Amino acid sequence: MEERKDYEGNAPRPGGAAKGIRAFCHRQKDRFSAASWQARLRNLAHYDYRQLYSRAFLRRAVRQALRWGPLALVVFYLLVYFGAFGRMPGYGALKGLRHNTASEVYAADGVLLGRYYLQDRTSVRYADIAPAVIEALVATEDARFYEHRGVDVRSLARVVVKSLLLQRESSGGGSTLSQQLAKNLYPRRRYWLLSTPVNKLQEMIIARKLESVYAKEQILELYLNTVPMGGRLFGIERAAQTYFSTPARSLSVPQAAVLVGMLKANTTYNPRLYPERSLARRNVVLGQMAKYAYLTPARAESLKKQPLGLRYRYRPQHAGMAPYFLAHLRQELEAWCGDNQKEDGTPYNLYTDGLKIYTTLDSKMQLVAEQAVRTRMAGLQRTLEAHYRGNYPWEKDDRSMLPAMKQSRRYQALQAAGASAEEIEAAFRKPVSMPVFTHRGTRRKTLSPFDSLRHYQRFLNAGLLALEPGTGKVRAWVGGIDHQFFKYDHVRSRRQAGSTFKPFVYAAALEQGVEPCRPFPNQRISYPDYEDWSPRNADNRYGGEYRMREALAHSVNTVSAQLIMEAGIDNTIALAERTGIESELPEVPALALGVASVSLLEMVSAYASFSNKGYRVKPVYLTRIADENGRTLRQDEAGEEPETEPALSAENAALVLELLKGVVEEGSAAGLRTRFGLRMDIAGKTGTSQNHSDGWFIGITPDLVTGVWVGAESPLVRFDNLQLGQGAATALPVWGEFMANVARSRGGAFRSGRFPAPPEPVAARLRCDGNDEAGGRKMSAVEAFFDRLFGGSGREAESRPEPAEPAGEGAGPESVGDGGEGEESEEKEGARENERARRREEKARERENKAAERRREDARKDAERAREDARKAEERSREDAKKREEKRREREKKERERDNE
């Protein structure tokens, strides 16, 4: 036998395998040379392709296919089965099959507030699906579903021809429900020319495995829970709730036919987008149900005549009830999920594990809170625009827009991409079409990003929080006027508190032994220890004396400054922190005037301590978390860990509550009851920050503590005078409308509740000059106020009778007569004083009546404007709907023309 040699003629040496491979490659070199490829191209150019159609060629092709085809199919099947084209799920994975399910958040009264999800899906059991859905599905998608084991052999040939040979994406309905379920569970991938056959074979293999693991009913349940229903909707339950506002178990036959008809193409046959197409497809499904004896022909024809009956109701994650509360709750829930694990050792997932979250929110209160904010802020925005008439001072300098621009996501994205300052500014000056917020609804406008920032900067915003003082349960949470466009939550944002901080100064003074009846002079005082700090009153009026009740009622700054000096700045800060203020408080005397920046959440919970016998009230908004099967994972009980030490004594807490009543009865919130028809007891405090940038009102009723903040995102956006910008004009109306609506909707204690009577020691400490010992008459609040304002101590001396001189020598009828004239003169003076007091009361009532009349007139005008705005909005809505309908018809017309072509 001739010895084998390499390409150089040398015999191979032992261990020369590598050289042998190199020799083989060298021998093939000429086959891949340029000359070789050119020769091939010449042969192809002169090749007679007609022989491909010859019978001889076809016979050879058939013989080769019969010879090697089965082997190729077996090899192809094994490659797919063992994961050469991607890992295949095993039986264990299929047995533990679960799909992403949205977590749901419920109010205390069981109303669904919102959902957290990646796919908007609610799982439903087979028993809770209407039989009409099952019948329509089987009749339309897989008539032999109960006869095969995952793969319908009869349609397999058709699938092979259309998919494998013709390379079509759709097999024309050859997939069984089990195969469709496999496709829903394991989305298709691309494998170039082999995409369709590989995906089809994978689905067949998975379908066979599913049939061996699950019963037919379980497969139907899985299918109907995973099927996409358009947009981010998944599953029959969410589709039923969205398109017909009913659960899946209550779907009628026509409704079931509509939803099953969407499975062919959920956009093309969407009943909201294309009602005519959906109606035609529904009738096809009804025909299939009649064909397979699920309906009689007569009943099918009768049902085909019915309209769609659509009751569409879809709520995106950013819309719906309590969006700011849900965004706040999301952060706590994500942290909880990360710290807690399921039985398999993996952490819970808020977006896929179908958790049930139960909260303290009251859905009815939440609705009226959002309505009050929406209504009042729309009117307040009109007032702001009318006040400036488009000449906004904050828009005169573009530099005021820089903070908002730098906080925007567009700016941060451009900066992260390495754009220069000039490029960023150019991008912000380029006009684009965008949806923008208005109080009359969303409008689409062409604006530059810079103009859109200017548009949003001018809006006044608001925050509202209501909680129960005894339990801390949060009942309403409104963080702004529209969560879609204003993400910042003003319940948690820190803004300057203004005079709403003064009750903590008064409480600290009471704790340090200052008596509520002690008079304080209303005069400017300089404090040398604090750089001659000399606070002034908002109205620049001075003179007379005030006691605590009237000083707090009329928010007298000079008295607040004296009180914080008596109480001590450190003691005031310590008391505020004990009641629940967690923000850093400045150690300056101006703290008495409210220079501290605090959140509405802190202030409302801190005010609740005045109504809770001095004990701190911690906000509670989460009560229970359960898994998708209802098993409790976390249970929170309000007040289960009460504070061991009060923030202030019960007696002083009751005193502060009584002082706060004076604000509503005779102070900056006077007229609140008259304006909004409120009958319950109310205590509260208004507040206005420097330059009127922030308006506050925090009110306490027997069952609720509710706080409202009003302002803009930027402190530059504000009213330029105290009359329009004070908390009594901005925040107080929102509070009043909210409480009026709560009283109307809830009744009972919310309508006419009363605070417990103050204990006798508290009442005794408040009897300053309410009882006139000389005349035995209880002075009114208005009388007492004017008495101190105009120097009551002097008049008190004048009206008090002088002590009688002792009788002695010289005493006689003349002396007695003089004494009688003196008594008569004193009686006349007392009568004149009473008359003056009566006139003052009448004037005060007259002023209040006029103010109430003006407020009623303003409310009437606001209502008329609101009705007019609603009418115009409705007209615009009809016009927009008409235009959309015309565009839709034009689009369909063009589609028909293209189809005809």
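The numbering of the sequence shown is the working numbering, which starts it at 332 and goes up by one.
All residues carry an ideal CB built from backbone N, CA and C; glycine is no exception.
Note that the coordinates shown come from a computational prediction; the quantities given were computed from them, not determined experimentally.
* Asked: Y554 by DSSP, collapsed to three states: which one?
  -> What you label residue 554 is simply residue 223 of the sequence shown in a count that begins at 1. Correct three-state label for Y554: helix.
* What's the C-alpha gap between C1099 and P1092? -> Against the sequence shown, residue 1099 aligns to sequence position 768. Against the sequence shown, residue 1092 aligns to sequence position 761. Cα-Cα distance, rounded: 13 Å.
* Asked: What number of angstroms, rounded off, separates the C-alpha of M879 from the C-alpha of P1087?
  -> On the sequence shown, residue 879 is found 548 positions in, with the first residue counted as 1. On the sequence shown, residue 1087 is found 756 positions in, with the first residue counted as 1. Near 21 Å, if we compare the C-alpha coordinates of P1087 and M879.
* Asked: Can you tell me whether W1066 is buried or exposed, with buried defined as 16 or more other CB within 10 angstroms of its CB?
  -> Within the sequence shown, numbered from 1, the residue matching residue 1066 stands at position 735. With 16 or more other Cβ atoms within 10 Å, it is buried.
* Cβ distance (whole Å) where N709 is taken to contact H770 below 8 Å -> The residue given as residue 709 occupies position 378 in the sequence shown. The residue given as residue 770 occupies position 439 in the sequence shown. Before going on, a small fix: residue 709 reads as Ala here, not Asn. The pair is a contact, with the Cβ atoms about 4 Å apart (cut-off 8 Å).
* Asked: By the 10 Å Cβ neighbour count, where 16 or more other Cβ atoms means buried, how is T599 classified, buried or exposed?
  -> The residue given as residue 599 occupies position 268 in the sequence shown. When all chains shown are included, T599 counts as exposed.
* Asked: Excluding the five sequence neighbours on either side, which residues of its own chain have a C-beta within less than 6 Å of the C-beta of A1240, listed in chain order?
  -> The question about residue 1240 has no answer here: the residues shown for the chain are numbered 332 through 1232.
* Classification of R358 by the beta-carbon crowding that lies within 10 angstroms, buried from 16 upward -> Residue numbering aside, residue 358 sits at position 27 when the sequence shown is read from its first letter. The residue is exposed, with fewer than 16 neighbouring Cβ atoms inside 10 Å.
* To do: Pull up the distance between the alpha-carbon of A884 and that of R1191, whole angstroms please.
  => Along the sequence shown, read from residue 1 onward, the residue named residue 884 stands at position 553. Along the sequence shown, read from residue 1 onward, the residue named residue 1191 stands at position 860. Whole-angstrom Cα-Cα distance: 29 Å.
* Do F835 and T910 come within 8 Å of each other at the CB atom, strictly closer than that value? -> For this step, residue 910 is matched to residue 579 along the sequence shown. For this step, residue 835 is matched to residue 504 along the sequence shown. Yes, the pair counts as a contact, with Cβ atoms nearer than the cut-off.
* Asked: Are the Cβ atoms of L681 and M652 separated by less than 8 Å?
  -> Here residue 681 refers to the residue found at position 350 of the sequence shown. Here residue 652 refers to the residue found at position 321 of the sequence shown. No, these two residues do not count as a Cβ contact at 8 Å.
* **Host beta strand (DSSP E) of D901 (start-end)** => Along the sequence shown, one-based indexing puts residue 901 at 570. Run containing D901: none in the beta strand (DSSP E); it sits in the alpha helix (DSSP H), 900 to 910.
* Asked: Going by alpha carbons, who is nearest to Q1054 out of E996, Y412, D870, I904?
  -> As a working note, residue 1054 is residue 723 in the sequence shown. Looking at the Cα atoms, D870 is the closest of the given residues.
* Check the DSSP bridge columns for W808 and list the partner residues they point to. => Position 477 of the sequence shown holds residue 808. BP columns for W808 point to L796.
* In whole angstroms, what separates the C-alpha of E1129 from that of Y877? -> Looking up residue 1129 in the sequence shown gives position 798. Looking up residue 877 in the sequence shown gives position 546. Because E1129 carries a pLDDT of 32, less than 50, the predicted location of this residue cannot be relied on, and no value is offered for it.
* Asked: How would you call T507, buried or exposed, if buried means at least 16 neighbouring beta carbons within 10 angstroms?
  -> The count along the sequence shown starts at 1 and reaches residue 507 at position 176. By the 10 Å Cβ count, T507 comes out buried.
* Could you tell me which uninterrupted alpha helix (DSSP H) segments, each at least 4 residues in length, are contained entirely in the stretch 689 to 732, listed from first to last along the chain? => 694 to 719
* Asked: In three-state DSSP terms, what is P850?
  -> As a position in the sequence shown, residue 850 is number 519, starting the count at 1. Correct three-state label for P850: coil.
* Asked: Are at least three pairs of beta-carbons, each pair with one atom in the stretch 939 to 947 and one in the stretch 795 to 810, less than 8 Å apart?
  -> yes
* In whole angstroms, what separates the C-alpha of F817 from that of G481? -> Taking the first residue of the sequence shown as position 1, residue 817 is located at position 486. Taking the first residue of the sequence shown as position 1, residue 481 is located at position 150. Each residue's alpha carbon lies about 51 Å from the other.
* Asked: How big is the Cα-Cα spacing for Y448 and E435?
  -> Residue 448 sits at position 117 when you count from the first residue of the sequence shown. Residue 435 sits at position 104 when you count from the first residue of the sequence shown. Y448 and E435: Cα-Cα distance of roughly 9 Å.
* Is DSSP giving G441 helix, strand or coil here? -> For the purposes of this step, residue 441 is taken as residue 110 along the sequence shown, with counting starting at 1. G441 falls in the coil class under three-state DSSP.
* Look at L791 and G1042 and say whether their C-beta atoms are less than 8 Å apart. => Within the sequence shown, the letter at position 460 stands for residue 791. Within the sequence shown, the letter at position 711 stands for residue 1042. Yes, these two residues count as a Cβ contact at 8 Å.
* Asked: Whose C-alpha, out of T573, W864, T903, is nearest the C-alpha of T889?
  -> Sequence index remark: in the sequence shown, residue 889 carries index 558 (1-based). If we check each option's Cα against that of T889, W864 comes out closest.
* Please classify F832: is it buried, with 16 or more other beta-carbons within 10 angstroms of its beta-carbon, or exposed? => By 1-based counting over the sequence shown, the position of residue 832 is 501. Buried is the call here.
* Spatial distance of Q1233 from E1228 (CA atoms) -> As displayed, the chain neither begins before 332 nor continues past 1232, which places residue 1233 out of reach and without an answer.
* Asked: What are the uninterrupted segments assigned as alpha helix (DSSP H) that are 4 or more residues long and contained completely in the stretch 393 to 441, given in chain order?
  -> 422 to 426
* Put D820 into one of helix, strand or coil per three-state DSSP. => Here residue 820 refers to the residue found at position 489 of the sequence shown. Here D820 sits in coil by DSSP.
* To do: Output the distance between the C-alpha atoms of L906 and A1059, rounded to the nearest integer angstrom.
  => To locate residue 906, count along the sequence shown from 1; it is residue 575. To locate residue 1059, count along the sequence shown from 1; it is residue 728. Going by the C-alpha atoms only, they are around 26 Å apart.
* Just the Cα atoms here: how many angstroms apart are L443 and Y437? -> Taking the first residue of the sequence shown as 1, we reach residue 443 at position 112. Taking the first residue of the sequence shown as 1, we reach residue 437 at position 106. Answer to the nearest angstrom: the Cα atoms are 5 Å apart.
* Cβ contact (3+ pairs, closer than 8 Å) linking the stretch 1061 to 1081 and the stretch 1021 to 1037 -> yes
* Would you call the CB atoms of S914 and R825 closer than 8 Å? -> As a working note, residue 914 is residue 583 in the sequence shown. As a working note, residue 825 is residue 494 in the sequence shown. Yes, the pair counts as a contact, with Cβ atoms nearer than the cut-off.
* Considering D302, what are the terminal residues of the alpha helix (DSSP H) in which it resides? -> Within the shown structure, residues of the chain are numbered from 332 to 1232, placing residue 302 beyond reach of any answer.
* At a cut of 8 Å, does the stretch 451 to 458 reach the stretch 560 to 570 through at least three beta carbon pairs? -> yes
* Asked: What first and last residue would you give for the beta strand (DSSP E) that runs through Q966?
  -> In the sequence shown, counting from the first residue as 1, residue 966 sits at position 635. Run containing Q966: 963 to 966, per the beta strand (DSSP E) assignment.
* Asked: Just how far apart, CA to CA, sit A1071 and F1007?
  -> Mapped onto the sequence shown, residue 1071 falls at position 740. Mapped onto the sequence shown, residue 1007 falls at position 676. Cα to Cα, A1071 sits roughly 6 Å from F1007.
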